[in-house]
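Below is one structure, written out as C-alpha cells; comments come after it.
Chains as they are written, first to last, in my numbering: chain A, 18 to 406; chain B, 11 to 245.
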C-alpha cells in the first residue's frame with residue numbers, strides 16, 4: 018500500500034487525551050500506571066493499571082465506557098473534518114460494553130426487575146460501539162467491527178487502509194477497550210497480572226498490567242489529502258496477518274506466526290527489514306510473549322535489529338485498543354523524532370534474544386515503523402507505517 | 011469479488027444438515043447431533059473447549075471433510091459474540107469469588123476464541139477474524155471471505171457465523187475457494203439497501219442448495235448492508 022494517508026489521530030489513555038499528552042508522557046520515561054479505582058477487587062492484591070480519567074471522556078452517562086472512550090478519540094481524529102461520501106468505519110474491540118453489563122449482572126442477578134435495566138445490556142455487544150459512534154457523529158459509511166483479541170484494532174486499521182487503497186474516499190479506523198472486572202479477574206486467574214507496573218523484556222517480569230484506551234486514525238487517499246492540504250502524519254503501507262494455530266493462550270514458542278505476519282507486512286509495504294527504524298513491540302511483559310517475540314524479531318531482522326521497545330510499561334495493555342494506540346504512538350515517534358524506552362526495564366532477560374531499548378527514550382529520526390500486535394488464540398497482526406514522501 | 015462455495019453445513023435447534031437445505035431456525039440451543047464427530051478424533055489437542063467452540067469445531071470438521079488447506083483463513087460473523095461465555099464467567103466469579111474464575115472459561119469470553127480453537131484444530135495459519143455488524147454480521151463475513159479469496163490474500167476461507175446463548179442459536183459454515191460448484195459474488199455497502207430478497211446465513215445455505223440463481227441481502231437499521239449473489243450455474 019502506498020496511497021493511504023493518515024490525516025487525523027485521536028488517542029486517549031492513562032497518559033491523557035491527545036497527541037501532545039502522549040508524546041510528553043512517553044518522553045518522560047516514567048510509567049503512568051496507577052492503582053485501580055474503577056471497581057473493587059474484593060480484597061485481592063491490587064495491581065497497577067492504566068486507567069483513563071473520567072473527565073476526559075465524551076458522551077452521555079448512559080453510554081458504555083467503551084463508547085465514551087471511542088467518542089473521545091474519534092472526535093479528536095476527525096478534528097472537525099466532515100467526511101464526504103460513503104466511507105468505512107472500522108473498530109477493533111474485545112469486550113464491548115461489558116463494564117456496564119457486568120454492573121447490571123451484579124445488581125440484578127436473579128431478580129425480575131433486572132429486565133427494567135436493559136440499557137446496561139443494550140451496549141454489551143462489540144458492534145454497538147460503531148453504531149453509537151456513527152449515530153452521534155453522523156458518519157455515513159460501512160461499519161465493521163473486528164474482534165481478534167489483542168490484535169483487533171491493528172486489524173481494523175489494516176482493513177480500513179486496504180479499503181482506502183481500493184477506492185474508499187475515507188476511513189475512520191481504530192479500537193477501544195475499557196477496563197472491566199471480567200478481564201481483570203480472567204488475567205488474575207491466568208496468573209498473568211504483574212504484581213508491579215509491568216516490565217517488558219525484563220529479567221524479573223512476571224506479567225502484564227491491564228490498561229484501557231481508545232485510538233483512531235483518519236485515513237484518506239494520499240492525493241485527496243494533499244489536495245485539501247491536510248496534515249499528513251504518515252502512511253499505512255503494510256498489513257500482515259497470520260494465525261499461530263498452536264495454543265489458545267500461549268504464543269508459539271518460536272514465534273512462527275509472528276514471523277509470518279511481520280514478513281507479510283513488510284512485503285505488503287515493499288520495505289526491507291533494514292529500512293525499519295523502530296519496532297513498537299507487542300511486548301506484554303508476560304514471560305512467554307516477550308521471549309517468543311524476541312525470537313521472531315531475530316528471525317526477521319537477523320543481526321540488524323532496529324531499536325525495539327514496548328510502550329505497555331507506560332500505558333498498560335489495552336487489549337483490543339492496543340494495536341491502534343501503538344500505531345498512533347508510532348506516528349508520534351515520526352512526528353516528534355523520538356523512540357520510547359522500555360519503561361520499567363532493569364536487566365534484560367537473557368532469554369530475550371535481541372538487544373532492546375533501555376528504559377529511557379532517545380531522540381532519533383524515525384521514518385518507518387513496524388507495530389506488532391499478537392493476541393490470544395494466535396491472532397497475529399503487524400502494521401508498517403511510514404513517513405509520507 | 012467472485013469465488014466458489016464448495017461445501018457448507020448448518021446446525022440449529024432442529025439439528026444438523028450437511029450440504030443441503032439447512033434445518034429450520036428455532037428457539038433454543040443447538041439440537042442434538044448423534045453423528046457428531048468425537049472431539050478426540052478431530053481435535054486431539056483440545057483441552058477444555060467451551061461447548062460453543064466444541065460445536066464449531068465439530069461442524070467445521072464436516073465442512074472441511076479431512077481437507078488440509080495450506081494458509082486456510084477463518085472469518086466468522088456474530089452479533090452476540092461471546093455473550094454466552096461472558097455470562098457464564100460472571101456467574102462463576104459470583105459463586106467462587108473474583109480471584110477464582112476458571113482460566114479455561116475466561117479465554118472463551120473473547121469473541122475470537124472459537125476461531126482460535128478452529129485454527130488450532132485444523133492448523134489454519136491464515137488470518138482468523140471475527141466480525142460483528144449486527145444483523146449483517148454473517149453475510150459480511152461471507153462477503154469478506156469472497157474478497158480475500160478473489161484478491162489472493164487467502165487460498166480458502168472457512169466462513170459463516172454463529173450465535174450462542176441467544177433466543178435461537180445456530181452455526182452455519184461455508185468453505186470458500188477460488189473455484190467451487192457454486193460461483194458467488196459478495197459486496198458490502200452503505201445507504202439504500204439493494205433491491206431483492208433479504209436473508210441471513212441459513213437463507214444463503216438454502217439458496218446455494220437450490221442450485222438456482224439468487225441474490226440475498228442483509229441490512230441493519232443504520233444503512234449498512236452485505237449482499238451475496240450467484241448466477242446459479244453448477245460447474
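Yeah, the Cβ is synthetic: ideal placement off N, Cα and C, and Gly gets one too.
Nearest candidate by alpha-carbon position, reference residue i, set the options
i: residue 83(B); options: 154(B), 181(B), 190(B), 210(B); result: 154(B)
i: residue 339(A); options: 283(A), 390(A), 367(A); result: 390(A)
i: residue 259(A); options: 246(A), 277(A), 265(A); result: 277(A)
i: residue 387(A); options: 257(A), 335(A), 307(A); result: 257(A)
i: residue 350(A); options: 226(A), 379(A), 300(A); result: 379(A)
i: residue 343(A); options: 281(A), 27(A), 20(A), 149(A); result: 27(A)
i: residue 77(A); options: 396(A), 355(A), 149(A); result: 149(A)
i: residue 170(A); options: 376(A), 141(A), 299(A); result: 299(A)
i: residue 225(A); options: 115(A), 190(A), 334(A); result: 334(A)
i: residue 63(B); options: 215(B), 181(B), 191(B); result: 181(B)
i: residue 323(A); options: 296(A), 329(A), 309(A); result: 296(A)
i: residue 274(A); options: 104(A), 61(A), 395(A); result: 395(A)
i: residue 354(A); options: 373(A), 384(A), 368(A); result: 384(A)
i: residue 121(A); options: 110(B), 120(B), 104(B), 112(B); result: 104(B)
i: residue 145(A); options: 112(A), 168(A), 127(A); result: 112(A)
i: residue 94(A); options: 154(A), 381(A), 70(A), 326(A); result: 154(A)
Residue i and residue j closer than 9 Å at C-beta
i: residue 73(A); j: residue 33(A); result: yes
i: residue 87(B); j: residue 130(B); result: no
i: residue 357(A); j: residue 305(A); result: no
i: residue 402(A); j: residue 254(A); result: yes
i: residue 236(A); j: residue 22(A); result: yes
i: residue 207(A); j: residue 116(B); result: yes
i: residue 81(A); j: residue 117(A); result: yes
i: residue 59(A); j: residue 200(B); result: no
i: residue 163(A); j: residue 266(A); result: no
i: residue 85(A); j: residue 250(A); result: no
i: residue 166(B); j: residue 146(B); result: no
i: residue 44(A); j: residue 201(A); result: no
i: residue 125(A); j: residue 147(A); result: no
i: residue 234(A); j: residue 185(A); result: no
i: residue 81(B); j: residue 126(B); result: no
i: residue 397(A); j: residue 252(A); result: no
i: residue 66(A); j: residue 37(A); result: no
i: residue 20(B); j: residue 212(B); result: yes
i: residue 65(B); j: residue 178(B); result: no
i: residue 330(A); j: residue 290(A); result: no
Between the CA atoms of residue j and residue i - distance to the nearest angstrom
i: residue 294(A); j: residue 106(A); result: 30 Å
i: residue 371(A); j: residue 360(A); result: 17 Å
i: residue 143(B); j: residue 366(A); result: 43 Å
i: residue 188(A); j: residue 171(B); result: 25 Å
i: residue 92(A); j: residue 206(B); result: 37 Å
i: residue 203(A); j: residue 143(A); result: 18 Å
i: residue 234(B); j: residue 279(A); result: 32 Å
i: residue 35(A); j: residue 29(A); result: 6 Å
i: residue 341(A); j: residue 192(A); result: 6 Å
i: residue 71(B); j: residue 314(A); result: 34 Å
i: residue 219(A); j: residue 364(A); result: 6 Å
i: residue 41(B); j: residue 184(B); result: 20 Å
i: residue 46(B); j: residue 317(A); result: 42 Å
i: residue 26(B); j: residue 79(A); result: 41 Å
i: residue 85(B); j: residue 268(A); result: 21 Å
i: residue 57(B); j: residue 175(A); result: 32 Å
i: residue 245(B); j: residue 110(B); result: The pLDDT assigned to residue 245(B) is 45, lower than 50, so where the model puts this residue is not dependable; a value taken from the coordinates is nonetheless given after this. The alpha-carbon atoms of residue 245(B) and residue 110(B) are separated by roughly 55 Å.
i: residue 97(B); j: residue 97(A); result: 39 Å
i: residue 319(A); j: residue 163(B); result: 26 Å
Partners in chain E for residue i, counting only beta-carbon separations shorter than 7 Å
i: residue 90(B); result: Considering every chain present, this structure includes no chain E. Its protein chains are A and B.
Boundaries of the alpha helix (DSSP H) in which residue i is found, first to last residue
i: residue 248(A); result: Neither: residue 248(A) is in no alpha helix (DSSP H) and is coded neither H nor E.
i: residue 126(B); result: 123-132
i: residue 150(B); result: 147-160
i: residue 279(A); result: 273-286
i: residue 403(A); result: Run containing residue 403(A): none in the alpha helix (DSSP H); it sits in the beta strand (DSSP E), 396-403.
Where the beta strand (DSSP E) containing residue i begins and where it ends
i: residue 200(B); result: 192-200
i: residue 7(A); result: Here chain A covers residues 18 to 406 and nothing more, so residue 7(A) does not appear.
Every unbroken beta strand (DSSP E) within the stretch 294-376 of chain A, with a cutoff of 3 residues, ordered by chain: 295-297
Could I get the ranges of all uninterrupted beta strand (DSSP E) runs contained in the stretch 71-112 of chain B, with 3 residues as the minimum, in chain order? 83-87
Could you give the uninterrupted runs of the alpha helix (DSSP H) lying entirely in the stretch 24-56 of chain A, keeping only those of 4 residues or more? 36-45
Suppose only complete runs of 4+ residues qualify. What are the alpha helix (DSSP H) ranges in the stretch 20-76 of chain B, listed by chain order? 49-52, 61-74
3 or more residues per run - each beta strand (DSSP E) lying fully within the stretch 206-244 of chain A: 230-238
Can you list, in chain order, the stretches of the alpha helix (DSSP H) that have 4 or more residues and sit fully within the stretch 63-112 of chain A? 82-95
Unbroken beta strand (DSSP E) runs of length 3 or more, entirely within the stretch 129-179 of chain A: which are they? 158-163
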